[in-house]
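Chains as they are written, first to last, in the UniProt record's numbering: chain A, 1 to 189; chain B, 1 to 189.
Ideal Cβ positions, reconstructed from N, Cα and C, are used throughout, including at glycine.
There are 2 protein chains.
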Amino acid sequence: MKRAGVTAEQLTRAAAELADEVGFENVTLATLARRFGVKEASLYSHVRNARDLKTRVALLALAELADLVADAVAGRAGKDALVALAGVYRDYAREHPGRYAAAQLRLDPETAAASAGARHAQMTRAILRGYDLQEPDQTHAVRLLGSVFHGYATLEMGGGFSHSAPDTEETWSRTLDALDALLRHWPAP
Amino acid sequence: MKRAGVTAEQLTRAAAELADEVGFENVTLATLARRFGVKEASLYSHVRNARDLKTRVALLALAELADLVADAVAGRAGKDALVALAGVYRDYAREHPGRYAAAQLRLDPETAAASAGARHAQMTRAILRGYDLQEPDQTHAVRLLGSVFHGYATLEMGGGFSHSAPDTEETWSRTLDALDALLRHWPAP
DNA sequence: GCATTTGCCTAAGCCTATTAGGAAAACTAC
DNA sequence: GTAGTTTTCCTAATAGGCTTAGGCAAATGC
Numbered sequence: 001m002k003r004a005g006v007t008a009e010q011l012t013r014a015a016a017e018l019a020d021e022v023g024f025e026n027v028t029l030a031t032l033a034r035r036f037g038v039k040e041a042s043l044y045s046h047v048r049n050a051r052d053l054k055t056r057v058a059l060l061a062l063a064e065l066a067d068l069v070a071d072a073v074a075g076r077a078g079k080d081a082l083v084a085l086a087g088v089y090r091d092y093a094r095e096h097p098g099r100y101a102a103a104q105l106r107l108d109p110e111t112a113a114a115s116a117g118a119r120h121a122q123m124t125r126a127i128l129r130g131y132d133l134q135e136p137d138q139t140h141a142v143r144l145l146g147s148v149f150h151g152y153a154t155l156e157m158g159g160g161f162s163h164s165a166p167d168t169e170e171t172w173s174r175t176l177d178a179l180d181a182l183l184r185h186w187p188a189p
Numbered sequence: 001m002k003r004a005g006v007t008a009e010q011l012t013r014a015a016a017e018l019a020d021e022v023g024f025e026n027v028t029l030a031t032l033a034r035r036f037g038v039k040e041a042s043l044y045s046h047v048r049n050a051r052d053l054k055t056r057v058a059l060l061a062l063a064e065l066a067d068l069v070a071d072a073v074a075g076r077a078g079k080d081a082l083v084a085l086a087g088v089y090r091d092y093a094r095e096h097p098g099r100y101a102a103a104q105l106r107l108d109p110e111t112a113a114a115s116a117g118a119r120h121a122q123m124t125r126a127i128l129r130g131y132d133l134q135e136p137d138q139t140h141a142v143r144l145l146g147s148v149f150h151g152y153a154t155l156e157m158g159g160g161f162s163h164s165a166p167d168t169e170e171t172w173s174r175t176l177d178a179l180d181a182l183l184r185h186w187p188a189p
């Protein structure tokens, strides 16, 4: 019998696509096995277990997202860079909800350390160069920005914003205006 | 054989406690059945299915959280109210991670409409009375605050903030300072 | 006390995850 | 090319979890 030729990378990619289709929490080894035309048990030659697969998808999403951010902020500064970076997160969450959810998976410390996670913090910190913030305010600001971007993406996706009154598009641009203003006039302690 | 005397409310409460112990996604009918000393199938007399139970936990958490917020902001205004409201969300997320996750469950529109969800938006809007914001900026601000609080809680819980440098306690208070300043000097469009 | 409703049970089917052990394909090295 | 090794896939089996169907006994209403 000829082999299907599955690899861990293909499996991870397929899992990411499946996650975008049915939600990260509904990604199952059984579904993937069917999709590849092999038996479930065969997948254990490529990934340790279901958790391992989810971790791989998380790492994929983190790296993919970091690359997109790096691209978007290249050559930009100040509010321009802020808008670009924020837009990448929001768009990614909307276009790849499953992958975005995967990127939120809690990783164990070693895995997290080897992930693109640090690049994210690093790039957010980079756009703060366009503003006049010293440590430790810079770190506070990085965390605040991370909170807003992640919170906004999550709430918007989850329908947390009522579909009424001002549309989310406008809220988004006004939120960025607000954050820009805040960073330009960061309050003294 | 005497009955265990399970009710939907007890079940929901137990599920909420279990969620705080093992994580919302790991709440299972099987575990609850064991905890009540009945068979799994018996639970279907009280809840329609696993999804129904999760929905009930979500509604419980939303209501509980709304009550806590209402209590916290009573008699406060301005930054005082902001800090109180924000603190409730953060503390609840840390003390009841499972319930907090449940509160994020995506509900179908009718269920959501009947939930305490609206009270949350309402109360956030209320604290903005201490600031000089007109519509539609008020709505933008409500969404921004919601994003920050939710995002912060999620990232802090998930270990998204590296455990290094300034501790999260300080970031939290500086974040509130920043939001207060932002609301006091909301940028014109 | 008797009828009805309600709570719980057994039985069974379906899905997913995981492990163990085996066979054949693919690859390596002469 | 062929012998040996590794890799990939398989079957078989176990263990959980979710859900439905049908039945009996406990609680409740009159």
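Cβ pair residue i, residue j closer than 8 Å
| i | j | result |
| --- | --- | --- |
| residue 62 of chain B | residue 147 of chain B | no |
| residue 53 of chain B | residue 111 of chain B | no |
| residue 205 of chain A | residue 89 of chain A | The requested residue 205 of chain A does not occur in the structure, where chain A is confined to residues 1 to 189. |
| residue 29 of chain B | residue 50 of chain B | yes |
| residue 38 of chain B | residue 6 of chain B | yes |
| residue 155 of chain A | residue 96 of chain B | no |
| residue 186 of chain A | residue 137 of chain A | yes |
| residue 69 of chain B | residue 85 of chain B | yes |
| residue 158 of chain B | residue 106 of chain A | yes |
| residue 174 of chain B | residue 131 of chain B | no |
Through-space distance from residue j to residue i, alpha-carbon basis
| i | j | result |
| --- | --- | --- |
| residue 64 of chain B | residue 20 of chain B | 14 Å |
| residue 141 of chain A | residue 42 of chain B | 51 Å |
| residue 177 of chain B | residue 80 of chain B | 11 Å |
| residue 44 of chain B | residue 35 of chain B | 15 Å |
| residue 167 of chain A | residue 182 of chain B | 21 Å |
| residue 170 of chain B | residue 133 of chain A | 16 Å |
| residue 67 of chain B | residue 91 of chain B | 14 Å |
| residue 87 of chain A | residue 180 of chain B | 25 Å |
| residue 94 of chain A | residue 75 of chain A | 25 Å |
| residue 71 of chain B | residue 119 of chain B | 13 Å |
| residue 40 of chain B | residue 10 of chain B | 15 Å |
| residue 25 of chain B | residue 32 of chain B | 14 Å |
| residue 139 of chain A | residue 48 of chain B | 47 Å |
| residue 189 of chain A | residue 46 of chain B | 53 Å |
| residue 77 of chain B | residue 162 of chain B | 33 Å |
| residue 73 of chain A | residue 160 of chain A | 28 Å |
| residue 55 of chain B | residue 122 of chain A | 38 Å |
| residue 23 of chain A | residue 165 of chain A | 28 Å |
| residue 135 of chain A | residue 145 of chain B | 24 Å |
| residue 2 of chain A | residue 113 of chain B | 55 Å |
Buried versus exposed call for residue i [16 or more other C-beta atoms within 10 Å across all chains shown]
| i | result |
| --- | --- |
| residue 108 of chain B | exposed |
| residue 117 of chain B | buried |
| residue 57 of chain B | buried |
Q. Would you call the region 15 to 24 of chain B and the region 89 to 105 of chain A touching, i.e. three or more CB-CB distances under 8 Å?
A. The region 89 to 105 of chain A and the region 15 to 24 of chain B do not touch, with fewer than three beta-carbon pairs separated by less than 8 Å.
Q | the region 67 to 86 of chain A / the region 120 to 129 of chain A touching (three or more Cβ pairs under 8 Å) | A | yes
**Q.** Residues within the region 91 to 114 of chain A neighbouring chain B, beta-carbon criterion of under 9 Å
**A.** From the region 91 to 114 of chain A, only 104, 105, 106, 107, 109 and 112 have a Cβ closer than 9 Å to chain B.
(Q) Using a Cβ-Cβ cutoff of 8 Å, what residues of the region 62 to 73 of chain A are near chain B? List them in chain order. (A) Going along the region 62 to 73 of chain A in chain order, one finds no residue with a Cβ nearer than 8 Å to chain B.
Q) Of the residues that make up the region 143 to 167 of chain B, which ones have a beta carbon closer than 8 Å to any beta carbon in chain A? A) Under the 8 Å Cβ criterion, the region 143 to 167 of chain B contributes 143, 144, 146, 147, 148, 149, 150, 151, 152, 154, 155, 158, 159, 160, 161, 162, 165 and 166.
Q: Would you list, in chain order, the members of the UniProt domain "HTH tetR-type" (5 to 65) of chain B that have their beta-carbon closer than 8 Å to a beta-carbon of chain A?
A: 25
Q. For the region 125 to 136 of chain B, which residues have a CB atom closer than 7 Å to at least one CB atom of chain A, in sequence order?
A. 136
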